[in-house]
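Reviewing the structure listed below.
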Amino acid sequence: MVDFHKRILFSDEAHFWLNGYVNKQNCRIWSAANPQVYVETPLHPETLTVWCALWAGGIIGPYFFKNDEGHNVTVNGNRHRAMITNFFIPELNNHDV
Numbered sequence: 001m002v003d004f005h006k007r008i009l010f011s012d013e014a015h016f017w018l019n020g021y022v023n024k025q026n027c028r029i030w031s032a033a034n035p036q037v038y039v040e041t042p043l044h045p046e047t048l049t050v051w052c053a054l055w056a057g058g059i060i061g062p063y064f065f066k067n068d069e070g071h072n073v074t075v076n077g078n079r080h081r082a083m084i085t086n087f088f089i090p091e092l093n094n095h096d097v
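Numbered by UniProt numbering, the letters in the sequence shown go through residues 1 to 97 in order.
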């Protein structure tokens, strides 16, 4: 299989907070003095989850996880399986992978 590297797919999902909050969990502040920084955030802000895949032929997606009414939803096993069955596999069949 000479073109094996062209058949490798990388996929991931990202979560975006719709209130503008940015997760700074990996942010580090280097200073000689304690900056005394406090950031208040809502306990359960609305988020949007987006999925896409990258391969040698381009990008497949994006796919936005929403319910039938168009509201943002949490990703679980059933929704992920539905995305693969109803979106990813048909999109994959449209490409020469």
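C-beta atoms are modelled at their ideal positions from N, C-alpha and C, and glycine is treated no differently.
Between the Cα of residue i and the Cα atoms of the options, which residue gives the shortest distance?
| i | options | result |
| --- | --- | --- |
| N19 | V73, G58, I84, E46 | E46 |
| H44 | I8, M83, W17 | W17 |
| D68 | Y21, A14, M83 | M83 |
| Y21 | L48, N94, N93, W55 | L48 |
| F87 | A14, H5, F65 | F65 |
| S11 | G58, E40, F4, Q36 | G58 |
How is the alpha helix (DSSP H) around residue i delimited, first residue to last?
| i | result |
| --- | --- |
| I59 | From DSSP, I59 is part of no alpha helix (DSSP H) but of the beta strand (DSSP E) over 58-64. |
| A14 | A14 -> not in any alpha helix (DSSP H); beta strand (DSSP E) instead, spanning 10-17. |
| A82 | 77-83 |
I think residue i touches residue j, with their Cβ atoms under 8 angstroms apart; what is that distance to the nearest whole Å?
| i | j | result |
| --- | --- | --- |
| Y63 | W51 | 5 angstroms |
| E91 | I60 | 5 angstroms |
Between which two residues does the beta strand (DSSP E) containing residue i stretch?
| i | result |
| --- | --- |
| L92 | Segment 89-93 is the alpha helix (DSSP H) holding L92; no beta strand (DSSP E) there. |
| L54 | 47-55 |
Open item on the list: Taking 8 angstroms as the cut-off, does the stretch 69-88 touch the stretch 28-37 (at least 3 CB pairs, one atom from each stretch)?
Closed with: no
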